[in-house]
């Protein structure tokens, strides 16, 4: 009996212990959550110490409070002064509690070096960045501590590019205009991905030339083909409390034609760099030297011209001598025509379909260039079949037939182009064409009234841009009496304003040129505070604004 009670008691103890064990296991397996880790890693110690002087080593190890990862190091890390050979930085990709830097360059004497890691160091778990962590050392007896500050703006666009490099070159006897193309700067910083302000720190007292680059090649050297540049004309002295604003621009390159490439049996693409305005092209039979009848148009939105040649060019010429001339410059290319099945023929399409706005001009795009227009074979009537007068013109470079007329509200307009209304370069005529467009009510549009104040000089180009950054209206202001204007019947949208000082009076904005020491023409946006202001033009509204130029 006693044994039976003992066995029952022992079984109960074992069962109770098992239940406790299961409960404990269940508790250990439950995900309890808790506050999210938002604390970034911090520096614990380094070899050598941060801000050390008289550094002569080749290796640096930086130890952190937790496991970290390095990301976007090529974009984020800024080493100033730049090194000829980039250091090895490990580990990359895997988590670690340290960063090791192996220097592969000969360090300059008595120079303060700065490694700014930007946003590249994050903790391993939550990705919290150790923002703008800098490791600094000097090869001399002290750390240089002077600085230069300023901001970046784009010469034409509303916002500057991200990751703009700001540079200082020593103003000494070795500096010349070609230095920025060939040599790395003495000091460098970067605006990184969201800033327009810059700080050049740990500078030595002296005289410097100030530059900025949108350095697409990441080599700290100016390449006009790919980079934007900003420069301050005169050398500046450090120390200096002035805030220097740098205007970043793409330098317009000198015109350079590329060898024409055959696109079809009767058409060639002639690519180019620079500005193709005032370019003339002559094509000769390579054998007989006979000048061939050709026509030149522009490829839409590309730096390329189209050379239209006779259809039978392949049968009459084994080679073509193409001369491309601009002012006193001429380039000649020899092109071998090939037999191709593709033949360009006349096809047309209306640019506007359905609704036409009051400020629009009706246009028809032609796939081949037109050489003759017979307006007696073009008619325009409204919905009451009443003839509407129009003016016809042809944009050869854009290959657009434009038909302009006065528009009334809530009206329908029908165009008819009879055969022979258009004749193209190959003497092909159009078939009968019919197009219909309609206008809306005036109440479907808004009106914008503007006053331009504080104009410092004339002429001024005033541009109205829609929400897609497309210029929908332009005024050329030549004196004070023209500073008040109205833009009526514009579609409801959010608009912005841009003012351009047209200093060379050619009615367009001109970029700068570094070698000529010419800054881009001055551009200002209508601002609200420091940001471009958007003007809300609604249907049936009259909006009045005063654009005060700085």
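Numbering (mature numbering (1 follows the signal peptide of the UniProt record, and there is no 0)), first residue to last: -26 to -1, 1 to 524.
Beta carbons are placed, not taken as given, at the ideal position from N, Cα and C, and that holds for glycine.
Being a predicted model, the structure only gives us computed values, none of them experimental.
- Annotation for residue 153: the continuous alpha helix (DSSP H) segment containing it runs 153 to 156.
- In the structure shown, residue 64 adopts extended strand secondary structure according to DSSP, grouped into three states.
- Distances from the CA of residue 377 to each of 493, 349, 130 were compared; the closest alpha carbon is that of 349.
- Between residue 400 and residue 489, the alpha-carbon positions lie close to 46 angstroms from each other.
- In the three-state DSSP reduction, residue 127 falls in the strand class (E or B).
- Contact between residue 298 and residue 370 is absent: CB atoms are separated by about 17 angstroms, not below the 8 angstroms threshold.
- One alpha carbon belongs to residue 233, the other to residue 153, and they sit about 32 angstroms apart.
- Excluding sequence positions up to five before and after residue 64, its CB lies within less than 6 angstroms of the CB of 74, all in the same chain and listed in chain order.
- An exposed status is given to residue 515, since fewer than 16 other beta-carbon atoms sit within 10 Å of its beta-carbon.
- Residue 21 has 35 as its beta-bridge partners, per DSSP.
- Boundaries of the beta strand (DSSP E) around residue 464: 458 to 465.
- Shortest Cα-Cα distance from residue 386 to any of 318, 356, 452 involves 356.
- Contact between the stretch 207 to 227 and the stretch 272 to 291 is absent: fewer than three C-beta pairs spanning the two stretches fall below 8 angstroms.
- The beta carbons of residue 519 and residue 424 sit about 6 angstroms from each other, so the pair counts as a contact at 8 angstroms.
- Counting only residues of its own chain and dropping the five nearest sequence neighbours on each side, residue 12 has a CB closer than 8 angstroms to the CB of 100, 102.
- By the Cβ neighbour-count rule, residue 415 is exposed, with fewer than 16 other Cβ atoms within 10 Å of its own.
- Taking the Cα of residue 273 as reference, the smallest distance to any Cα among 137, 16, 374, 89 is reached at 374.
- In terms of Cβ geometry, residue 294 and residue 257 form a close pair [threshold 8 angstroms].
- In this structure, residue 143 keeps its C-beta atom at 8 angstroms or more from the C-beta atom of residue 15.
- Counting along the chain, no beta strand (DSSP E) covers residue 325, and no H or E run does either.
- With respect to the 8 angstroms criterion, residue 329 and residue 428 are not classified as neighbours on the basis of their beta carbons.
- Here residue 331 has 465 as same chain residues with Cβ atoms under 7 angstroms from its own Cβ, once five neighbours each way along the sequence are excluded.
- Boundaries of the alpha helix (DSSP H) around residue 290: 287 to 290.
- By the CB criterion at 8 angstroms, residue 20 and residue 34 fall inside the cutoff.
- Beta-bridge pairing by DSSP links residue 308 to 295.
- In summary, residue 422 is buried, with 16 or more beta-carbon neighbours lying within 10 Å of its beta-carbon over all protein chains present.
- Here residue 91 is near residue 107, since their CB atoms are less than 8 angstroms apart.
- With the rule of 3 Cβ pairs closer than 8 angstroms, the stretch 498 to 509 does not count as touching the stretch 361 to 369.
- Per DSSP, the unbroken alpha helix (DSSP H) holding residue 47 starts and ends at 47 to 50.
- Contact check for residue 41 and residue 70: beta-carbon distance about 7 angstroms, within the 8 angstroms limit, so the pair qualifies.
- The stretch 158 to 176 and the stretch 118 to 137 touch, with no fewer than 3 CB-CB distances between them shorter than 8 angstroms.
- For the options 184, 176, 121, the alpha carbon positioned closest to that of residue 151 is the one of 184.
- Inter-segment contact for the stretch 332 to 344 and the stretch 307 to 316 is absent: fewer than three beta-carbon pairs are separated by less than 8 angstroms.
- Here residue 217 is bridged, per DSSP, to 123.
- In the same chain as residue 94, and ignoring 5 residues on each side of it, the C-beta atoms closer than 7 angstroms to its own belong to 44, 45, 46, 47, 50, 51, in chain order.
- According to the DSSP assignment, residue 180 belongs to the beta strand (DSSP E) that extends over 180 to 188.
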